[in-house]
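Everything in the sequence shown is counted per our numbering, starting at -8 for the first residue and increasing by one.
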Amino acid sequence: MPAHPLYDVIAVGCGPSNLSLAALATEVPGLRIAVLERDTAMRWHPGLMLPGAKLQVSPWKDLVSLASPTNPHSFLNYLVSSGRIHRFLVSSRSAVSRKEFEQYYAWAADRVGSVRFGQGVQAVERVPEGFSVHTADTTWRARNLVLGVGRRPYVPAQVRPFLGPGVFHAHDFLRAPRRTGGARVLVVGGGQSAAEIVHHLLSAPGALPGELVWATGRTGLPPLDDSPFSNDWFTPGAVDHFHRAGPKVRARLLEALTYASDGVSEGLLADIYRRLYELDYLEDTAFAHAVLPGCRLDQLNRAEHGYEALLSGMGPGDERIAAVDTVVLATGYDSGAPEFLAPLLEELPLHDDGTFRTRADFRLDTATAAAEPGAPVGTGGVWVQNAARHSHGVADPNLSLSAWRSAVILNSLTGRRTFRTEGFDTTFAFDPAAGPAPALRHHTPPALEEGTFLP
-8 MPAHPLYDVI
2 AVGCGPSNLS
12 LAALATEVPG
22 LRIAVLERDT
32 AMRWHPGLML
42 PGAKLQVSPW
52 KDLVSLASPT
62 NPHSFLNYLV
72 SSGRIHRFLV
82 SSRSAVSRKE
92 FEQYYAWAAD
102 RVGSVRFGQG
112 VQAVERVPEG
122 FSVHTADTTW
132 RARNLVLGVG
142 RRPYVPAQVR
152 PFLGPGVFHA
162 HDFLRAPRRT
172 GGARVLVVGG
182 GQSAAEIVHH
192 LLSAPGALPG
202 ELVWATGRTG
212 LPPLDDSPFS
222 NDWFTPGAVD
232 HFHRAGPKVR
242 ARLLEALTYA
252 SDGVSEGLLA
262 DIYRRLYELD
272 YLEDTAFAHA
282 VLPGCRLDQL
292 NRAEHGYEAL
302 LSGMGPGDER
312 IAAVDTVVLA
322 TGYDSGAPEF
332 LAPLLEELPL
342 HDDGTFRTRA
352 DFRLDTATAA
362 AEPGAPVGTG
372 GVWVQNAARH
382 SHGVADPNLS
392 LSAWRSAVIL
402 NSLTGRRTFR
412 TEGFDTTFAF
422 DPAAGPAPAL
432 RHHTPPALEE
442 GTFLP
């Protein structure tokens, strides 16, 4: 297989995280970077690119703006370059569609010049100059790696034997024709993906099931907590605070902040509720539905026609069987080392659950060497993107801090402070080293003269 020149860094996977890295890397003189993506074009969760799906974050939390607002790969520059800026502003939408952000990502991927499509990584091995990265038809060489392959769809063990055309993860919903019109459909999950799929089933032409069962293990369908104080947890200071906390504190924070990251957009919940009302009372349609809070899928079996799903509620004896034709598993994602890292697993620092042990700068504790004279970077470092929720908090898998995280990685990788990554204000007093806030200092009011009153 032909070998490529030695790159300073190879980024594996071209999702928003490594695309952000590539865009910011255009500001680092002399840095040789290649981003390897197995797909043949820039696609962002194509199996879930449902019509009308919206971003849950501000569009200004794009690839670069929160780290380098003058970088030419910003969403604002995309709007201007594509000639749509004025119509975008006049449209006054409350949220940007994911489809438009996918178009923006494709535009940026074409401009940065370092993305190589059709390069699925099969294996990575350590060599004296750093790493050899093997794809189907070539070998790439790099001093360092940044892993950004994303998290894997999670499928409960009891359901895995039935995966196929009738039982599939939500991640694959649009990847093949799905029979839902007039069918008996079970949707499992209570997050944004589950809600978007339910909305699609209720609203898209020809998609309406004859029967719909929506089972969520949550006690209801709580909305995304998008309040200002919750959003303070999506800041660099909050990430630093979380990383410095102990494991028990981190676990409590992740649980407490669940709906700041995994809730459903409130407008989408309102649309679903309104649509169910219309179907129940205003339209002459053969349709039945059951929304089951606090209910999980315990067992799935094949039936003469379709499947039988055993659904268990919160109390003893609270069980029911649903006869269905199609099962959509909106059961989220999990983290773990990708298969192509198998040759390195013995040296990679992993927790017992398979997640990476990650430093504050998103680097793994691997064998590294300092930069040689004249070289812009050291050798042998491995950094991770979107794989450190357990150590960096709820913001890690979110788009909110993609640009900041990429800036942290580039500063760490080059040993230079190209981007500002610290010292940003937050309302919460996360940093005890900064000293007590004025409101916490001891204060003695001045003595009042007799007969005066406090204002």
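Glycine included, each C-beta is placed from N, C-alpha and C at the ideal position. In this text, all values refer to a predicted model and were calculated from it rather than measured experimentally.
Leaving aside the five residues before and after residue i along the sequence, list all residues of the same chain whose C-beta is less than 7 Å from its C-beta, in chain order.
{"i": "ASN9", "result": "ALA2, VAL26, VAL137, GLY139 and GLN376"}
{"i": "ASP325", "result": "ARG142, ARG143 and TYR145"}
{"i": "LEU260", "result": "ALA186, LEU212 and PRO214"}
{"i": "SER83", "result": "none"}
{"i": "LEU439", "result": "Because the pLDDT at LEU439 is just 43, under 50, the model does not fix this residue reliably, and the point stays unresolved."}
Taking 6 Å as the limit between beta carbons, can you name the residues of its chain near residue i, skipping five residues before and five after?
{"i": "GLY197", "result": "GLY172"}
{"i": "ALA351", "result": "HIS234"}
{"i": "TRP98", "result": "TYR69"}
{"i": "LEU203", "result": "VAL176 and HIS280"}
{"i": "GLY181", "result": "THR207, ARG209 and LEU212"}
Among the residues of its own chain, which have a CB less than 8 Å from the CB of residue i, if the five just before and after it don't count?
{"i": "ASP223", "result": "ALA229, THR417, THR418 and PHE419"}
{"i": "TRP35", "result": "GLY6, PRO7, ARG89, PHE92, GLU93 and TYR96"}
{"i": "PHE444", "result": "The predicted position of PHE444 is uncertain, since its pLDDT is 38 and thus under 50; no value can be drawn from it."}
{"i": "TYR(-2)", "result": "ARG23, ILE24, ALA25, TRP131, ARG132, ALA133 and ARG134"}
Go to residue i, then tell me how far its beta strand (DSSP E) extends in each direction, as first and last residue.
{"i": "PRO388", "result": "Here PRO388 belongs to no beta strand (DSSP E), and DSSP marks it neither H nor E."}
{"i": "LEU67", "result": "First-last for LEU67: 66 to 72, but that is the alpha helix (DSSP H), not the beta strand (DSSP E)."}
{"i": "ASN62", "result": "That residue, ASN62, is in no beta strand (DSSP E); it is neither H nor E in DSSP."}
{"i": "GLU116", "result": "112 to 118"}
{"i": "VAL81", "result": "Element bounds for VAL81: not the beta strand (DSSP E) but the alpha helix (DSSP H), 76 to 82."}
{"i": "ARG380", "result": "No beta strand (DSSP E) holds ARG380; the alpha helix (DSSP H) holding it covers 380 to 383."}
Measure the alpha-carbon distance for residue i versus residue j and round it to whole angstroms.
{"i": "GLY371", "j": "VAL124", "result": "13 Å"}
{"i": "THR346", "j": "ASN62", "result": "33 Å"}
{"i": "ARG411", "j": "PRO60", "result": "12 Å"}
{"i": "PHE331", "j": "GLU116", "result": "9 Å"}
{"i": "THR317", "j": "VAL176", "result": "5 Å"}
{"i": "ILE263", "j": "ARG408", "result": "47 Å"}
{"i": "LEU273", "j": "HIS191", "result": "19 Å"}
{"i": "GLU127", "j": "ASP217", "result": "The question names Glu, but residue 127 in the sequence shown is Ala. Rounded to whole angstroms, ALA127 to ASP217 spans 44 Å at the Cα level."}
{"i": "PRO7", "j": "HIS383", "result": "18 Å"}
{"i": "GLY38", "j": "PRO152", "result": "21 Å"}
{"i": "ALA167", "j": "PRO156", "result": "8 Å"}
{"i": "TRP51", "j": "VAL255", "result": "21 Å"}
{"i": "PRO369", "j": "ALA13", "result": "Just to set this straight, residue 369 is Gly in the shown sequence, not Pro. If you take the alpha carbons of GLY369 and ALA13, they lie about 18 Å apart."}
{"i": "ALA114", "j": "ALA333", "result": "7 Å"}
{"i": "GLU18", "j": "LEU41", "result": "35 Å"}
{"i": "ALA242", "j": "LEU248", "result": "10 Å"}
{"i": "LEU270", "j": "GLU310", "result": "27 Å"}
{"i": "SER194", "j": "LEU267", "result": "10 Å"}
{"i": "VAL112", "j": "GLY306", "result": "47 Å"}
{"i": "SER184", "j": "PRO238", "result": "29 Å"}
{"i": "LEU401", "j": "PHE79", "result": "32 Å"}
{"i": "TRP131", "j": "SER252", "result": "36 Å"}
{"i": "PHE220", "j": "HIS381", "result": "21 Å"}
{"i": "GLY109", "j": "MET33", "result": "10 Å"}
{"i": "VAL0", "j": "VAL315", "result": "49 Å"}
State buried or exposed for residue i, treating a residue as buried only when at least 16 other CB atoms are found within 10 Å of its CB.
{"i": "LEU392", "result": "buried"}
{"i": "ARG293", "result": "exposed"}
{"i": "TYR69", "result": "buried"}
{"i": "GLU28", "result": "buried"}
{"i": "HIS21", "result": "Per the sequence presented here, residue 21 reads as Gly, with His not at that position. Answer is exposed; the Cβ neighbour count stays below 16."}
{"i": "ALA321", "result": "buried"}
{"i": "ASP289", "result": "exposed"}
{"i": "PRO119", "result": "exposed"}
{"i": "ARG169", "result": "buried"}
{"i": "SER85", "result": "exposed"}
{"i": "ASP53", "result": "buried"}
{"i": "SER65", "result": "buried"}
{"i": "GLN459", "result": "Beyond the ends of the chain as shown, which are -8 and 446, falls residue 459; an answer cannot be given."}
{"i": "PHE353", "result": "buried"}
{"i": "ILE188", "result": "buried"}
{"i": "LEU291", "result": "buried"}
{"i": "LEU341", "result": "exposed"}
Report the option in the options whose CA atom is closest to the CA atom of residue i.
{"i": "HIS160", "options": "ARG396, VAL319, THR405 and PRO334", "result": "VAL319"}
{"i": "ALA379", "options": "ARG396, VAL368 and GLY369", "result": "ARG396"}
{"i": "ALA451", "options": "LYS90, ALA277 and ARG311", "result": "Absent from the structure is residue 451, since the part of the chain shown begins at -8 and ends at 446."}
{"i": "ALA386", "options": "VAL48, GLN149 and PHE122", "result": "VAL48"}
{"i": "GLY414", "options": "ASP343, HIS232, GLY111 and VAL150", "result": "HIS232"}
{"i": "SER207", "options": "LEU192, GLU257, TYR96 and ALA186", "result": "According to the sequence provided, residue 207 is Thr. The question's Ser does not apply to it. Considering only alpha carbons, the answer is ALA186."}
{"i": "TYR250", "options": "ARG78, PHE92 and ASN389", "result": "ASN389"}
{"i": "GLY304", "options": "PRO147, TRP205, TRP35 and PHE79", "result": "TRP205"}
{"i": "VAL106", "options": "LEU57, PHE79, VAL81 and SER11", "result": "SER11"}
{"i": "SER72", "options": "ALA44, HIS296, VAL81 and ARG102", "result": "ARG102"}
{"i": "PHE421", "options": "PRO(-4), PRO227 and ARG348", "result": "PRO227"}
Starting from residue i, follow the alpha helix (DSSP H) in both directions and report where the run begins and ends.
{"i": "PRO238", "result": "238 to 247"}
{"i": "HIS234", "result": "227 to 235"}
{"i": "ASP262", "result": "257 to 268"}
{"i": "ARG102", "result": "89 to 103"}
{"i": "VAL146", "result": "VAL146 -> no alpha helix (DSSP H), and no H or E assigned at all."}
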